[in-house]
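Chains as they are written, first to last, in this note's numbering: chain A, 3 to 266; chain B, 3 to 266; chain C, 3 to 266; chain D, 3 to 266.
C-beta atoms are modelled at their ideal positions from N, C-alpha and C, and glycine is treated no differently.
Everything on this sheet refers to the single structure shown next.
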C-alpha cells in the first residue's frame with residue numbers, strides 16, 4: 003500500500019561519474035513526485051546475444067561504483083548476480099540481488115542469493131507461467147530469507163518477441179511478495195537485430211502505466227541519457243529526459259490504483 | 003479526448019425484461035460516474051464451441067428486443083452480425099454493427115457492414131497482429147464509411163488461452179480510429195471447459211484498468227446479474243453488482259490517462 | 003492404412019486451361035508413385051489480407067471449371083465454401099467441401115456442409131487446440147454425415163507467424179476421422195508482407211515429410227508452375243516442377259509410417 | 003549423411019548398475035538396427051521445478067559412473083554442465099558436454115565448454131528462435147572448438163507447454179553443424195504438475211519420427227525401465243522396452259530421409 007517504488011538506472015555500468023549523474027537525476031525526479039527510488043545497473047552482461055556485445059566493467063570495478071553510488075547518493079542499489087559464488091561479495095556492496103530471468107530456475111544461485119540475506123529480486127523467466135514463480139520463491143524461502151521481489155519482464159511469444167501478460171502481476175502477488183513490472187525488458191525483441199536484441203522503447207510507458215494501474219509495488223525502468231549509443235539495451239531504454247513526466251503520470255495512476263487494489 | 007465510453011451488457015439476449023433491467027442498471031451506473039454508455043447483446047451466438055451451446059433468440063426476436071432497449075432506455079445499442087445479408091436489416095435496429103473476431107477477415111461481411119452506414123466495431127482476430135487491422139479497416143473504409151472502432155480481445159497464446167498485449171491498443175490507434183478494450187473476452191479460455199469456453203472473470207478488471215490507463219476510447223465489458231447461470235460466457239462475465247465500483251475506478255484512471263495520453 | 007492421398011492444385015482458380023494443365027500434371031505424378039489424387043482450387047478467396055488482393059473467378063465460373071476438371075481429368079475435386087447458402091450448389095460440382103480455418107467454428111456453415119452429403123474437410127482454426135476439433139466435427143456429424151476430414155494448417159505463434167504442432171495429427175486422429183496435413187498453409191506468414199501474407203515455401207516439404215512420417219491419411223500441398231506470379235499464396239506454394247520428387251519421397255516415408263503407425 | 007546417432011539414457015543418474023543396464027540395453031538395440039549410440043545421463047539436475055525434486059548423485063559420484071559406463075560398455079558418453087568451472091573436470095570423464103537450454107546464452111559457460119575441447123551439444127533455449135543459435139554457436143567457435151551439436155527441444159507456447167517447430171531443424175543446420183532432435187524434452191509440460199514438470203510421453207515418438215524424416219544427424223531420447231517411478235522427467239521418458247521398435251522405425255525413415263535430404 004506504500005507509494006510506488008521506482009527501480010531505475012542504466013542497463014550497464016559505464017563510469018562512476020555516469021552512474022552518479024543518472025542516480026542523482028533519478029533520485030531527484032522520484033523525490034519530486036513522492037516515489038521511492040532504487041538505483042539499478044549491471045557490472046556484467048553475462049548472456050549477451052552475441053560474443054561481440056560489451057559486457058561491462060566486471061565485478062570488482064562494478065561493485066566499487068555501486069558502493070559509491072549508494073554512499074554518495076544515499077539510495078538503495080540493485081544489481082544482478084550470475085553464479086552462486088558471486089552472491090556473498092555482491093551482497094556487501096548492494097541492497098538487492100537480482101536473479102536474471104534465464105537463471106530463475108538455477109537452484110544453487112537462488113539458494114546462495116537467499117543465504118546472503120539481501121533482498122532478492124527474481125525475474126520471471128520468459129518460459130515460465132506466473133504461478134510457477136511460487137516454486138521459484140520457495141527455493142529462496144528455504145534459506146529463511148523472505149525478502150523477495152518477483153518481477154514480470156515478458157513471456158516468449160513466437161520468435162524474437164515477448165508479450166507481457168498483465169494477469170501475471172496479481173497472479174504473482176498471490177504469493178504475498180511484492181511484484182515488480184520491468185517495463186523496459188518487456189518490450190525487448192530478443193535477438194531481433196540479428197547480433198543483438200532490438201526493442202520498442204515507445205511501448206515501455208505502455209507497460210509501466212498498465213501495470214501501475216493494477217496497484218503493484220514497483221516499476222523497473224532502464225534509462226540512459228542517450229539510449230541510442232548505450233552499450234546495451236539501447237533500443238528499449240527510455241531517455242532520461244522523459245523520466246520526470248512518466249513518473250508523474252505513474253504516481254497519479256498509483257494513487258488511484260492503490261485506493262481500490264486488484265485482489266485475486 | 004472525451005470521457006470513456008462503456009460498451010456493456012449480457013453476452014446473449016434472453017428476454018426483453020432482462021435486457022431492460024441490465025441496460026437501465028448500466029445506464030445509471032455510467033451516468034453516476036460520467037461515462038458514455040452503449041448497450042451490447044447478441045441475438046445469435048453463431049460460433050459456439052459446441053452444438054449444444056444455446057445460441058439466443060434469433061435475429062427477428064433479438065432485433066425487436068434491441069430496438070425496445072434503444073427506445074425505452076435511450077442509449078445506443080450494439081450487436082454482432084455474422085453474414086453480409088444480415089447487415090442492412092440489423093442496421094435498422096441498432097447503432098453499432100460488430101464484426102466478430104473470427105470473421106474479421108471476411109471481405110464481404112466488412113463491405114456490407116460498411117455499406118449499412120452504421121458505426122462498425124471490428125474485433126481483432128485472435129490470429130492477427132495489431133498492425134494487420136489497418137488492412138481490415140481499409141475494407142470498411144472502401145465503402146466510404148469511416149465510423150470504425152477497433153477492438154482488442156486477446157491473441158492466441160498456446161492452446162485454450164489468450165493473452166492481451168497492451169501494445170495493441172496504441173498500435174491500433176495509429177490508424178486514427180478509436181480503440182476499444184474487450185476486457186471480458188480477453189480473459190476467455192477458448193474451449194477450456196471441453197464442450198464450452200472457460201474464463202477468468204477475476205482478471206477482467208485487470209484488463210480494463212490496464213487498458214484505460216493508456217487513454218483508450220472505450221472499454222467493452224460483458225456483465226450479468228448471475229454469470230454462473232448465464233446462457234453463454236458466464237465464466238468471464240463480471241457480476242452486474244460489481245460494475246459501479248469498477249466503473250468508478252476506470253473513470254478515475256481515464257481522467258489521468260487522457261491528461262497525458264500515450265502517443266506512438 | 004491406404005496409401006497417401008495428395009490434395010493438390012493452385013490456391014486460386016485462374017482459367018480452365020490452367021486448371022486442366024495442373025490437374026493433369028499432378029494426376030500423372032501421383033499415379034507414378036501410387037498416391038491417390040484430389041484436385042484443389044478456390045473460386046473465391048473471401049478473406050484476403052487486403053481488399054486489393056485478387057479473389058478469383060467467382061462461384062459460377064469457378065464451379066464450371068471445377069466440373070470440367072473432374073470430368074475431363076477423372077479425379078475428385080475439392081473447393082472451399084464461405085457461407086451456408088453456397089453449400090448445396092457447390093456440392094453438385096465438387097466431391098469435397100472445405101471449411102476454411104477462420105470459419106471452422108461457424109455452426110450454420112458446418113451444418114449446411116454436412117447436409118450437402120459431400121465429404122467435408124474442416125481446416126483447424128489457427129486459434130484452436132487439436133482436441134477442440136472433436137466439438138467442431140460433432141457439428142457436422144449431427145447432420146448424419148460422417149464423411150469428415152480434419153486438417154492441420156498451423157497455429158498462431160506470436161505475430162504474423164504460424165507453427166505446426168506435429169502432435170496435432172495423432173491427436174485429431176483420435177476422433178476416428180482421417181487427418182490431413184496442409185503443408186503449404188502451415189508455412190504461411192499471415193500478413194507478413196504488410197498488404198499480403200508472406201510464406202516460407204522452402205519449409206513446405208519439411209511439413210509434408212514430418213507429417214507423413216506419422217502415418218496420416220493425406221497431405222495438402224498447393225502448387226503452381228510459377229508461384230512468384232500466382233494471384234494468391236505464391237510465397238508458400240511449391241513449384242509444380244518439384245512435385246514429382248517430393249511425392250516420391252513422401253510415398254517412401256508413407257510406406258514405412260503405415261507399417262508401424264503412431265497410435266494414441 | 004551417416005546413419006542416425008541415438009543419444010539416449012535415463013534423465014538422471016541413479017546407480018552404476020542401473021546406468022550399465024540401460025547403456026548395455028541401448029547399445030545392443032542400436033547395434034541391431036545400425037544406429038550409432040551415445041549414452042546420456044545427468045549427475046545433477048540443477049534447475050528442478052521445485053526444491054524438493056531429486057537432483058542426482060552429484061558431480062564426483064556421477065562422473066565415476068559415467069567413466070565406468072564409457073569404459074565397460076565402450077560407448078561415448080554425454081552429460082550436462084551448469085557452471086564454467088565444471089567443464090574441465092567433466093570433460094575428462096565424458097565425450098560430449100551438454101549446455102542446458104536455460105543456460106544457452108551464458109557466455110562464460112559456452113566459452114569454458116569450448117575450451118575443454120570436448121564435443122559441445124547446445125540445447126536451444128525455449129525462448130530462442132532457431133536462427134539465434136548461430137550467435138550461440140559462435141561463442142563456442144571463438145575458442146577454436148568447432149565440434150558443436152545444436153539441439154531442438156521445443157519452444158515456449160503459452161503457459162506450461164512447449165511446441166516443437168520442425169522448421170527449426172533445417173534452419174539450425176544452415177550453420178553447418180549437426181542438429182539433434184530432443185524428442186522427450188520437446189513433449190515436456192514445464193511446471194505442468196504444479197511442483198514438477200509434466201510430460202506427454204505418448205508424443206515423443208511423434209517428435210522423433212517427424213524430425214528423422216527430415217534427415218537430421220541425431221535423435222535424443224530419454225528412457226527408463228520404469229518411467230513412472232524415475233526420479234525426474236518420468237512423464238516424458240519412453241519405456242526402455244519400447245526403444246527397439248522405435249529405433250527400427252527411425253532407422254527406416256532415416257535411410258529414406260538421407261537419400262533426399264532437406265536442404266535450405
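In the three-state reduction of the DSSP assignment, residue 229 (chain B) falls in the helix class. Taken in chain order, the complete beta strand (DSSP E) segments of 3 residues or longer contained in the region 28-72 of chain A are 38-42. When the Cα atoms are used, residue 136 (chain C) and residue 104 (chain C) turn out to be separated by approximately 17 Å.
In chain A, no part has a C-beta under 7 Å from the C-beta of residue 8 (chain B); the shortest such distance is about 17 Å.
Residue 125 (chain A) carries a strand assignment under DSSP once its states are collapsed to helix, strand and coil. For residue 168 (chain A), the three-state secondary structure derived from DSSP is coil. Note that the region 119-139 of chain B touches the region 173-184 of chain B; at least 3 beta-carbon pairs, one per stretch, sit closer than 8 Å. With contacts defined as CB atoms closer than 8 Å, residue 233 (chain B) and residue 203 (chain B) fail to qualify as a contacting pair.
Within the region 137-188 of chain B, the runs of alpha helix (DSSP H) at least 4 residues long that lie entirely inside it are, in chain order, 170-175.
Assignment of residue 202 (chain C) by DSSP, reduced to helix, strand and coil, places it in the coil class. Using a CB distance cut-off of 8 Å, residue 19 (chain B) does not count as an interface residue toward chain A. The straight-line gap separating the alpha-carbon atoms of residue 192 (chain D) and residue 108 (chain D) is approximately 21 Å.
Chain-ordered listing is empty here: chain A has no CB closer than 9 Å to the CB of residue 205 (chain C), the nearest sitting near 13 Å.
Straight-line spacing of the CA atoms in residue 43 (chain A) and residue 231 (chain A) works out to 16 Å. Residues of chain D whose Cβ lies closer than 9 Å to the Cβ of residue 159 (chain B) are, in chain order, 159, 160, 161. Residue contact with chain B for residue 211 (chain A): present (Cβ-Cβ distance below 8 Å to some residue of chain B). At a C-beta separation below 7 Å, residue 131 (chain C) has these neighbours in chain B: 161, 162, 193. Per DSSP, reduced to three states, the secondary structure at residue 216 (chain C) is coil, with no helix or strand assignment. Excluding sequence positions up to five before and after residue 57 (chain C), its CB lies within less than 6 Å of the CB of 46, 47, all in the same chain and listed in chain order. Counted as a single uninterrupted DSSP element, the stretch harbouring residue 97 (chain C) is not any beta strand (DSSP E), since DSSP gives it neither H nor E. CA-CA distance, residue 172 (chain A) to residue 266 (chain B), rounds to 28 Å.
Within chain B, 137 have C-beta atoms less than 7 Å from the C-beta of residue 197 (chain C), given in sequence order. Look at residue 90 (chain C) here: in three-state DSSP terms it is helix.
Judged by pairs of C-beta atoms under 8 Å, the region 242-254 of chain D touches the region 3-23 of chain D, as three or more such pairs exist. Taking a C-beta distance under 8 Å as the contact criterion, residue 186 (chain C) and residue 123 (chain C) do not qualify as a contact pair. Contact annotation for residue 56 (chain D) against chain A: no contact, minimum CB-CB distance about 12 Å [criterion: below 7 Å]. In the three-state DSSP reduction, residue 247 (chain B) falls in the helix class (H, G or I).
In this structure, the alpha-carbon of residue 80 (chain B) lies about 17 Å from that of residue 148 (chain B). In the structure shown, residue 130 (chain A) adopts coil according to DSSP, grouped into three states. Residue 22 (chain B) and residue 52 (chain C) have their C-alpha atoms roughly 40 Å apart. Under the 8 Å Cβ criterion, the region 212-221 of chain B counts as touching the region 205-224 of chain A, having at least three qualifying pairs. Between residue 5 (chain D) and residue 256 (chain D), the C-beta spacing is below 8 Å. Identification of chain D residues near residue 216 (chain C) by a Cβ-Cβ cut-off of 7 Å yields 208, 211, 212, ordered along the chain. At a cut-off of 8 Å, the C-beta of residue 155 (chain A) has no neighbouring C-beta in chain B. DSSP places residue 82 (chain D) outside any alpha helix (DSSP H); the residue lies instead in the beta strand (DSSP E), whose first and last residues are 79-82.
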